[in-house]
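Trainee: Handing you a structure now.
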Amino acid sequence: MSRKPLLDIKNLNVHYITHEGTTKAINDLNLALYPGETLGLVGETGAGKTTTALSMMQLVPDPPGKIISGEILYHDQDLTKLSEHELRKIRGNQISMIFQDPMTSLNPIMTVGDQIREGILLHQKVDMATATKRASDMLEVVGIPMERYNEYPHQFSGGMKQRVVIAIALSCNPEILIADEPTTALDVTIQAQVLQLMENLKKDFNTSMLMITHDLGVVANVCDHVAIMYAGTVIEHAEKHMLYRTPKHPYTQGLFGSIPNVEENVDRLKPIMGLMPDPTNLPTGCTFHPRCPHAMDICQVEFPRITRLNDEHWVRCHLYSADEEVSHE
Amino acid sequence: MLRYIARRLLLLIPVILGVALITFTMLYFSPGDPAQMTLGEQAGAEQLEQFRELHGLNDGFFVRFFNYVKNAVLHQDLGLSYRNRQSVFAEVALRFPTTLKLAGLGVLVAVAMGIPIGIISATKQYSLFDSISMIFALVGVSMPNFWQGMLMIIFFSVYLGWFPPSGFTNFNQMVLPSLTIGTSTAAIITRMTRSSMLEVIRQDYIRTARAKGQKESKVITKHALGNAMIPIVTVIGLQFGYLLGGAVLTESIFAIPGVGRLMVDAIKMKDFPIVQGGVLFIAVTFSLVNLIVDILYAFLDPRVRSQYR
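Going line by line, the protein sequences match chains A and B. Numbering of the first sequence is given in numbering that gives the first Met the number 0, commencing with residue 0 and proceeding in unit increments. Numbering of the second sequence is given in numbering that gives the first Met the number 0, commencing with residue 0 and proceeding in unit increments.
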């Protein structure tokens, strides 16, 4: 490994503990985000993408959520061990997050300008007038005229709200931007605009980005690295081109296989057979084995370790652990 | 906004006319002869006839109602009390501030207790504090007002001697009645605040505020409370109206000279003009409080504000 990751998640386990039982949302998850890069975190609904993001912010709702074990390393400090006070200095300042649904992510009774200014006032030592100026500038940056500073969220369309959310997230020039399905709730035409905007801003502000999505098209457009998530763990982590050219994990192969090809005339789509496992009752061994076309005996017993195929590509699958050297976690 | 307020004030006219008609009709059909009740058993036929003539009791229903409204509108005259021939308007107006003060203090007590307790309960849901305050809230709504008042007199006036058991002129005298009248409302406001806050703090924008690095206390006061206030304000407004009408029992227990007691005495004596006047005063105040609540909505919620433009 030549470069040092900016954010490095090691063997993270997050459980939601309720009276009905324990939901194992995140299981031995490993993830690395490198400076200046965009990492795509891809997975089905319920794979634990949002919980992963919230863990990075240390905002997993507790109760019922608990970080059981693991490390989230950022600038040589473990975010899971920081005090609330220290975390508040990081949140919104060094690590920001764009949430999934812009319709509900803004406070309906505060002007959009004030909502942007709030973060600036919290993290930058500036007076009210300067903060107001910076908040207005941020509005312009995301393509909203600053005259609309004093308007309320209900006066904005969905795409505009998402721009405001982006402005809030970028207002303090964070090192890491976590975007949790930022375009899922938007129209396709607006999606492209918002993605382009984020891509440009990421370059301008020199931000590293974690792009959470279930849209492989988005990943192909904006990401440098991709992590594929299944049942609360990253099963494959690779440089984008490597992943698209040579997907290793059977689940990843299945994902790419399930994208219909416009040029081929197919009668049936090719889904991955079976359903995501119930996170309160995960299969033993590799969580994907019940759906895996290549399942072996060992898959039912042992949770696969990370197999490094090269510097930019690793996979959690027993198919590869036999012939490659096993990395020591 | 001003146009909205003007429209709402105009709407008060049919509301008040309606209230007047309903009370008038109910009193008209209630059994018993006011003349006989007022003048006593030994009054002669001539005296009774004189009384009826003076108060216009010989006229028909519609004529009487029309005259009543006409006098009320043109001369602010709500008739004369049967008993002491005083102006009803003056009699009620004299006592109304006391009732208003009692209800107002009750609401104040309720808000001062209910909102903070509700907020803490919501932020520490299922904690010991939450359970205890919810039990108290349950007791608070369930306990009849008059019974609580009497218990408080026994405990705080008779045993401890901290507060006087009657009157309503100085601060010490106001403590027990205000607590008595405010308790059930406090309980209702506590529960409303708790549930409203619980709903709001699960919203995405609260998570956004936390993600900005805002302090939890600020997240609650700045982002959550404002949004949670709308249903709470509704309940406060309704409760104020309820307390105005419900002050009767508290006023009787603590011997407070308010509209409630005046009306109860008037009902016993069939002194209809007083009853009618008291109801009208309360109805008008209730309507005004409702208007204030609606204006507060606009103040609290920009979405409502933009509808009024």
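No residue lacks a Cβ here, since even glycine has one placed at the ideal position from N, Cα and C.
In three-state DSSP terms, what is Glu198 of chain B?
Mentor: Three-state result, Glu198 of chain B: helix.
Trainee: Relative to the C-alpha of Thr129 of chain A, which candidate in A:Val141, A:Arg116, A:Glu139 has its C-alpha closest?
Mentor: With distances taken between Cα atoms, Thr129 of chain A lies closest to A:Arg116.
Trainee: Please identify the residue among B:Val87, B:Ile281, B:Leu290 whose C-alpha is closest to the C-alpha of Gly244 of chain B.
Mentor: Checked all of B:Val87, B:Ile281, B:Leu290; the closest Cα to Gly244 of chain B is B:Ile281.
Trainee: Within 10 Å of its beta-carbon, does Ala19 of chain B have 16 or more other beta-carbons around it, so buried, or fewer, so exposed?
Mentor: Per the 10 Å Cβ criterion, buried.
Trainee: State buried or exposed for Leu11 of chain A, treating a residue as buried only when at least 16 other CB atoms are found within 10 Å of its CB.
Mentor: Buried, because 16 or more other Cβ atoms sit within 10 Å of the Cβ of Leu11 of chain A.
Trainee: Per DSSP, what kind of secondary structure is Thr21 of chain A in: helix, strand or coil?
Mentor: In this structure, Thr21 of chain A counts as strand in the three-state DSSP scheme.
Trainee: Can you tell me whether Arg133 of chain A is buried or exposed, with buried defined as 16 or more other CB within 10 angstroms of its CB?
Mentor: Flag for Arg133 of chain A reads buried.
Trainee: Please report the residue range of the beta strand (DSSP E) in which Ser68 of chain A lies.
Mentor: That run of the beta strand (DSSP E) goes 64-73.
Trainee: Taking 7 Å as the cut-off, does the CB of Met295 of chain A come closer than this to any heavy atom belonging to the ligand HEM?
Mentor: As for the ligand HEM, it is missing from this structure, which has no ligand bound.
Trainee: Is the beta carbon of Glu174 of chain A sitting closer than 8 Å to the one on Gln93 of chain A?
Mentor: Yes. Within cutoff.
Trainee: For Ile187 of chain B, which residues of its own chain have a beta-carbon under 7 Å away from its beta-carbon, when the five flanking residues on both sides are left out?
Mentor: Excluding positions up to five away in sequence, the list reads Val140, Val234, Gln238.
Trainee: Give the secondary structure of Glu323 of chain A by DSSP, where H, G and I count as helix, E and B as strand, and everything else as coil.
Mentor: Caution is warranted here: a pLDDT of 49 is assigned to Glu323 of chain A, below 50, making its placement in the model unreliable, and no coordinate value can be reported.
Trainee: Is the shortest distance between the beta-carbon of Tyr73 of chain A and the beta-carbons of chain B less than 8 Å?
Mentor: Judged by the 8 Å Cβ criterion, Tyr73 of chain A is not in contact with chain B.
Trainee: At the 8 Å Cβ level, is Phe98 of chain A part of the contact set with chain B, yes or no?
Mentor: Output row for Phe98 of chain A: interface = yes.
Trainee: With Arg7 of chain B as the anchor, note down where its alpha helix (DSSP H) starts and where it stops.
Mentor: Element bounds for Arg7 of chain B: 1-28.
Trainee: Measuring only the C-alpha atoms, how far is Pro164 of chain B from Gly276 of chain B?
Mentor: Those two C-alpha atoms are separated by around 29 Å.
Trainee: Restricting to Cα atoms, I'd like to know which of A:Tyr319, A:Arg2, A:Asn29, A:Pro34 is closest to Leu176 of chain A.
Mentor: Closest option to Leu176 of chain A, Cα to Cα, is A:Pro34.
Trainee: Using the rule of at least 16 other Cβ atoms within 10 Å of the residue's Cβ for burial, across every protein chain shown, is Gly59 of chain B buried or exposed?
Mentor: Gly59 of chain B comes out exposed.
Trainee: Rounded to the nearest angstrom, how far is the Cβ of Val225 of chain A from that of Asn29 of chain A, given a contact under 8 Å?
Mentor: So it is not a contact: roughly 14 Å between Cβ atoms.
Trainee: Just checking: is the beta-carbon of Arg90 of chain A within a distance shorter than 8 Å of some beta-carbon in chain B?
Mentor: Arg90 of chain A counts as touching chain B.
Trainee: Measure from the alpha carbon of Arg84 of chain B to the alpha carbon of each residue in B:Gly259, B:Pro30, B:Asp270, then state which is nearest.
Mentor: When each option's Cα is compared against that of Arg84 of chain B, the closest is B:Asp270.
Trainee: According to a CB-to-CB cut-off of less than 7 Å, which residues of the stretch 168-198 of chain A neighbour chain B?
Mentor: Those would be none; no residue qualifies.
Trainee: Assign Glu45 of chain B to buried or exposed, taking buried as 16 or more other Cβ atoms, counted over all protein chains shown, within 10 Å of its Cβ.
Mentor: When all chains shown are included, Glu45 of chain B counts as exposed.
Trainee: Excluding the 5 residues flanking Asn226 of chain B on each side, which residues of the same chain have their C-beta closer than 7 Å to its C-beta?
Mentor: Excluding positions up to five away in sequence, the list reads Val199.
Trainee: Beta carbon of Glu180 of chain A, beta carbon of Gln99 of chain A: below 8 Å?
Mentor: Going by C-beta atoms, Glu180 of chain A is nearer than 8 Å to Gln99 of chain A.
Trainee: Of all the residues that make up the stretch 38-59 of chain A, which are near chain B by a beta-carbon distance shorter than 7 Å?
Mentor: So the list reads Met56, Leu58, given in the order they occur along the chain.
Trainee: Taking a contact to mean a Cβ-Cβ separation below 8 Å, would you say Pro278 of chain A touches Ala24 of chain A in this structure?
Mentor: Cβ atoms of Pro278 of chain A and Ala24 of chain A: closer than 8 Å.
Trainee: Looking only at C-alpha atoms, which of A:Ala230, A:Val218, A:Asp310, A:Ile167 sits nearest to Gly39 of chain A?
Mentor: Answer by Cα proximity: A:Val218.
Trainee: Checking 8 Å against the spacing of the C-beta atoms, do Lys247 of chain A and Val314 of chain A come in under that value?
Mentor: Yes, they are a contact pair.
Trainee: Step through the CB atoms of chain A and report whether any lies within less than 8 Å of the CB of Tyr204 of chain B.
Mentor: So, interface residue.
Trainee: Would you check if the stretch 144-163 of chain B and the stretch 109-124 of chain B touch, i.e. whether three or more CB-CB distances between them fall below 8 Å?
Mentor: With the cut-off at 8 Å, the stretch 109-124 of chain B and the stretch 144-163 of chain B do not touch.
Trainee: Have a look at Asp310 of chain A and His317 of chain A and give me their C-alpha separation to the nearest angstrom.
Mentor: Roughly 19 Å separates the two Cα atoms.
Trainee: Please state whether the Cβ-Cβ distance between Val193 of chain A and Gln161 of chain A is less than 8 Å.
Mentor: Cβ distance < 8 Å, so Val193 of chain A and Gln161 of chain A count as in contact.
Trainee: Quick one, are the C-beta atoms of Gly64 of chain A and Gly212 of chain B less than 8 Å apart?
Mentor: Not a contact, by the Cβ cut-off of 8 Å.
Trainee: Name the chain A residues whose beta carbon is nearer than 8 Å to that of Asp300 of chain B?
Mentor: Pro107, Ile108, listed in chain order.
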